[in-house]
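Everything below concerns the one structure shown next.
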Amino acid sequence: MKILMLATVLCLAAPLLVTAGGSKDSKKSDQTAHTSQKAMPVWINTPSADYSEDSYIVAAGSGRTRADAEKEAAASVGRIINQSISAEEHLQSSVSTGSAEQATFATSVSTSTTLREITGISIKENWTAENGTEYALAVLDRSAAGQYYRGKVSENSSKIQDLLAVAKPGTLKGCKDTVSAYELALDNDYYMELLSVIKPVYRKTTMLPYGSSAKVSEAAQKQLSTVSVQVTVDGDTNGQLAAAFTSAIGKTGIKTGGGKDAPYTLDCSVTYETFKMTGSDYDFARYNLSSKLTEKASGTSEFAWTKSGRQGKLSAQEAKSAAVRAAEKAIQEEFSSEFSAMLTK
Numbered sequence: 286m287k288i289l290m291l292a293t294v295l296c297l298a299a300p301l302l303v304t305a306g307g308s309k310d311s312k313k314s315d316q317t318a319h320t321s322q323k324a325m326p327v328w329i330n331t332p333s334a335d336y337s338e339d340s341y342i343v344a345a346g347s348g349r350t351r352a353d354a355e356k357e358a359a360a361s362v363g364r365i366i367n368q369s370i371s372a373e374e375h376l377q378s379s380v381s382t383g384s385a386e387q388a389t390f391a392t393s394v395s396t397s398t399t400l401r402e403i404t405g406i407s408i409k410e411n412w413t414a415e416n417g418t419e420y421a422l423a424v425l426d427r428s429a430a431g432q433y434y435r436g437k438v439s440e441n442s443s444k445i446q447d448l449l450a451v452a453k454p455g456t457l458k459g460c461k462d463t464v465s466a467y468e469l470a471l472d473n474d475y476y477m478e479l480l481s482v483i484k485p486v487y488r489k490t491t492m493l494p495y496g497s498s499a500k501v502s503e504a505a506q507k508q509l510s511t512v513s514v515q516v517t518v519d520g521d522t523n524g525q526l527a528a529a530f531t532s533a534i535g536k537t538g539i540k541t542g543g544g545k546d547a548p549y550t551l552d553c554s555v556t557y558e559t560f561k562m563t564g565s566d567y568d569f570a571r572y573n574l575s576s577k578l579t580e581k582a583s584g585t586s587e588f589a590w591t592k593s594g595r596q597g598k599l600s601a602q603e604a605k606s607a608a609v610r611a612a613e614k615a616i617q618e619e620f621s622s623e624f625s626a627m628l629t630k
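So the sequence shown is numbered by the numbering used here: it starts at 286 and just counts up by one.
Structure (structure tokens):
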């Protein structure tokens, strides 16, 4: 009786063992299927697999987070475009037989293309690897981006022509108008370079009614040369600082001199004071500089700049001489930079 019951139990248990074994195999099969679904997409190693290079510019990127991956993918598209622009510029410069001197007033105008964002890039795919690495695919539609930048060129061209038309000779306002036109012309140069890479046919069919950025630069330089500024520096005993102010203004293309007939005056002053500091064996001298550019006819203040500093030396005379040199350097560097930047505002 006991033998019969044991046989019955074994018979009943056998299907359970078979079922359990089948369940383990089933889980392994499911796991294999899941891994297959998580296989690396083709676009990660071949971004252009599903996108025609004639119609799109594509690039993949990776990162620890999805945002990082998308940012890297978009940056990769940008690098592809900017590398193509750089290659084209190198080719053009290698066959060029002429050279043009850079406009002196343009020192404050940024012409860098590598720092500019490129409009029209979108993220089309995302994928997460088993180790947590994120991937993204960025795509730029050549036609859509080409239409956008062609529109920007047209918009800027209209503004450039308007600015050149209203620029009044002999006025700082006229100078700012033409310099602004030059900035827009440089922007258009960049957009035209983008078009030459993104959509070459648009580049060939897009015209610049103002001619070129070089012609706008010439117009700006001509405008600047019609303005003159009388420079006076109170407290400048040997004319050293007046010469520095005059040179800084002259670098922009604006003339200095003209005496009382000049429509603008730069009224400056400098003071010095020597002093001792407790616990120091040095003598110190402090300089205080101030300047204001004014339109004589209206009394309007166009620009103001101040600067102070101190120098320490073994004697008061040496400290004073060092303070004069420091003031001169501040004019040559800081005043010059800010005066040029004023023309671009």
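Glycine residues also receive a C-beta, built at the ideal position from the N, C-alpha and C atoms.
In the three-state DSSP reduction, ARG571 falls in the strand class (E or B). Within the same chain, SER554 come within 6 Å of ASP519 by CB-CB distance, once the 5 residues on both sides are set aside.
Between VAL343 and ALA423 a beta carbon distance of about 7 Å is seen, short of the 8 Å cut, so the two are scored as contacting. Rounded to whole angstroms, the gap between the alpha carbons of ASP546 and GLY459 is 19 Å. At a cut-off of 4 residues, the continuous stretches assigned as alpha helix (DSSP H) that sit fully inside the stretch 387-463 are 427-451. Contact check for THR531 against ALA504 fails: the beta carbons are separated by 8 Å or more. Note: GLN596 is bridge-paired with ALA570 in the DSSP secondary-structure output. The stretch 590-602 makes no contact with the stretch 521-536: fewer than 3 CB pairs, one atom from each, lie closer than 8 Å. Take the alpha-carbon of PHE588 and the one of SER510: they are about 18 Å apart. Here GLY348 is actually not in contact with SER361; their C-beta atoms are around 12 Å apart, not less than 8 Å.
Comparing alpha-carbon positions, the option among GLY496, LYS540, TYR549, ARG488 lying closest to LYS507 turns out to be LYS540. Positions of the alpha helix (DSSP H) runs, each at least 4 residues long and wholly inside the stretch 512-569, are given as 525-535 in order along the chain.
Residue range 601-615 is occupied by the alpha helix (DSSP H) that includes ALA601.
Residue nearest to SER407 within the set GLY564, GLU355, LEU448 is GLU355 (criterion: CA-CA distance). Rounded to whole angstroms, the gap between the alpha carbons of GLN515 and TYR567 is 38 Å.
In the DSSP annotation of this structure, the continuous segment of the beta strand (DSSP E) that includes TYR341 starts and ends at 341-348. A Cβ-Cβ distance of about 5 Å is found for the pair LEU479 and TYR434, placing them in contact under the 8 Å criterion. Between the alpha carbons of LEU574 and GLY544 lies a distance of about 22 Å. Just so you know, the alpha carbons of ALA533 and GLN617 end up roughly 6 Å apart.
Separation of the CB atoms of THR522 and TYR549 is rounded to 25 Å, and the pair is thereby denied contact status at 8 Å. Per the Cβ contact rule, the stretch 328-339 is not in contact with the stretch 434-452 (fewer than 3 Cβ pairs under 8 Å). The beta-bridge partner set that DSSP reports for LEU578 consists of LEU551, PHE588. For SER442, the closest C-alpha among the options SER498, ALA615, SER621 is that of SER498. Using a 10 angstroms sphere on the CB of ARG488, the tally of other CB atoms reaches 16 or more, which defines it as buried. Contact annotation: PRO326 and GLU440 have beta-carbon atoms that are not nearer than 8 Å.
Per DSSP, ALA505 is one residue of the alpha helix (DSSP H) stretching across 498-509. For LEU469, same chain residues with a beta-carbon under 6 Å away, outside a window of 5 residues either side, are ASN441, LYS444, ILE445 in chain order.
Judged by their CB atoms, GLU415 and THR350 are not nearer to each other than the 8 Å cut-off.
When the five nearest sequence neighbours on each side are left out, the beta carbons in the same chain lying within less than 6 Å of the beta carbon of ALA607 are those of GLN596, LYS598, in order along the chain. A straight line joining the alpha-carbon of SER565 with that of ALA601 spans about 13 Å.
For LYS489, the enclosing alpha helix (DSSP H) stretches over residues 485-490. Secondary structure at ALA359: helix, using DSSP grouped into helix, strand and coil. Distance from the CA atom of ALA358 to the CA atom of SER465, rounded to whole angstroms, is 34 Å.
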